[in-house]
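Data block below; observations after.
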Amino acid sequence: MQKLFLLFLISSFLGFAQGENQQLVTATATLKDSTIIKAESIFGIDNYGTFYYSTENNTFNKKTKDTIISYSNFQLGEITSANTFNPLKINLFYKDFNTVIILDNRLAEISKIDFNSNTTYKNVSFVSSGYNNTLWLFNEDFQYLELYDYASNKTKLKTVPVQSKVLDLKSDYNYCFLLTENYLYIYNYFGSLIRKLKNTGYESLAFNEAHLVLKKEDSLFILEKNQTEILPVKHPKMLINQFLVTNETVYLYRENLLYQYQLKLD
Numbered sequence: 000m001q002k003l004f005l006l007f008l009i010s011s012f013l014g015f016a017q018g019e020n021q022q023l024v025t026a027t028a029t030l031k032d033s034t035i036i037k038a039e040s041i042f043g044i045d046n047y048g049t050f051y052y053s054t055e056n057n058t059f060n061k062k063t064k065d066t067i068i069s070y071s072n073f074q075l076g077e078i079t080s081a082n083t084f085n086p087l088k089i090n091l092f093y094k095d096f097n098t099v100i101i102l103d104n105r106l107a108e109i110s111k112i113d114f115n116s117n118t119t120y121k122n123v124s125f126v127s128s129g130y131n132n133t134l135w136l137f138n139e140d141f142q143y144l145e146l147y148d149y150a151s152n153k154t155k156l157k158t159v160p161v162q163s164k165v166l167d168l169k170s171d172y173n174y175c176f177l178l179t180e181n182y183l184y185i186y187n188y189f190g191s192l193i194r195k196l197k198n199t200g201y202e203s204l205a206f207n208e209a210h211l212v213l214k215k216e217d218s219l220f221i222l223e224k225n226q227t228e229i230l231p232v233k234h235p236k237m238l239i240n241q242f243l244v245t246n247e248t249v250y251l252y253r254e255n256l257l258y259q260y261q262l263k264l265d
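Reading the sequence shown from the start, the letters are residues 0 to 265 in numbering that gives the first Met the number 0.
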């Protein structure tokens, strides 16, 4: 009996120690480079170093190593968000006019979706890219996500309404991440809820195929693909105005400087 009791104590201690070690796992962001860029907002950076950003007068820009091309629509006012995940179908959202513009890779206009004059009116507060000709929309009136096909003007699916204020929305072909004041919701492309995590103060998020990065005040946190534990990211203390993630790189933007940090799990 004493041997069994001793074995139980050892097993309990080892389990506790393993739990403690798991808590010590963090991610580190190490500064690699910085670039001077004057922008109102930075919306995306791809693997080839192409920058997508807005400047004064609400002009949307695509900057490569050799060229800068621009798109402007002064009638629609300020660009609320831009999703560059699919560079052949970039979407610009103008919340004040409840309108989305779809651009090709030369920033030529492909489609204009005016939800005010749409057959079924939609009061949209967040927009992100889906697969093919679809967009993830957050319907402010009904408090749910819609997967909307703008080519056929049809809603393909709707999620269950959420019960708290929405803070951010990001997506790719396979997943959609909805951050509210209470929870982080993760959906697959069928609109099924696959994960729901408590929001402990996160304000916004950035997403790439490898990682989901969340911001809380001037700190960053990471949720790895197919994981449930959100880990803190060690990085130099600084005011974070905007942030993006591309593969293993996190970009922080402030005061006309874009800082490039290499992500590494410890």
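Just so you know, even glycine gets a beta-carbon here, dropped at the ideal spot from N, CA and C. Fair warning: this is a prediction, and the values are worked out from it, not measured in the lab.
CB of residue i within 8 Å of CB of residue j, strictly
i	j	result
LEU230	ILE239	no
LEU243	ILE35	no
TYR149	ASN132	yes
LYS233	THR25	yes
ASN198	LEU183	yes
PHE125	PHE114	no
LEU134	ASN90	yes
ILE193	TYR201	no
Residue i versus the options, residue with shortest Cα-Cα distance
i	options	result
ILE78	LYS164, THR98, LYS155	THR98
GLY190	ASP140, LEU146, THR119	LEU146
LEU156	SER163, LEU168, GLY129, TYR120	GLY129
LEU87	ASN104, ASP265, THR227	ASN104
THR119	LYS215, LYS153, TRP135, SER127	LYS153
ASN85	THR66, ILE101, LEU196, LYS164	ILE101
Beta-carbon contacts of residue i that lie in its chain and below 6 Å, excluding the five residues immediately before and after
i	result
THR245	ILE44, ASN207
PHE274	Residue numbering for the chain in the displayed model covers 0 to 265; residue 274 lies beyond these limits and cannot be assessed.
LEU264	ALA26
Three-state secondary structure (DSSP) of residue i
i	result
LYS169	strand
LYS224	coil
PHE242	strand
ASP265	coil
ASP113	strand
LYS121	coil
PHE176	strand
LYS236	coil
Cβ neighbours of residue i in the same chain (closer than 7 Å, five flanking residues each side left out)
i	result
ASP217	LYS236, MET237, LEU238, ILE239
GLU223	HIS210
PHE141	PRO160
Completely contained beta strand (DSSP E) runs for the segment 136-164, where each covers 3 or more residues: 143-148, 153-157
Minimum length 3: unbroken beta strand (DSSP E) runs contained in the segment 9-92: 26-35, 40-44, 50-54, 58-62, 67-71, 80-82
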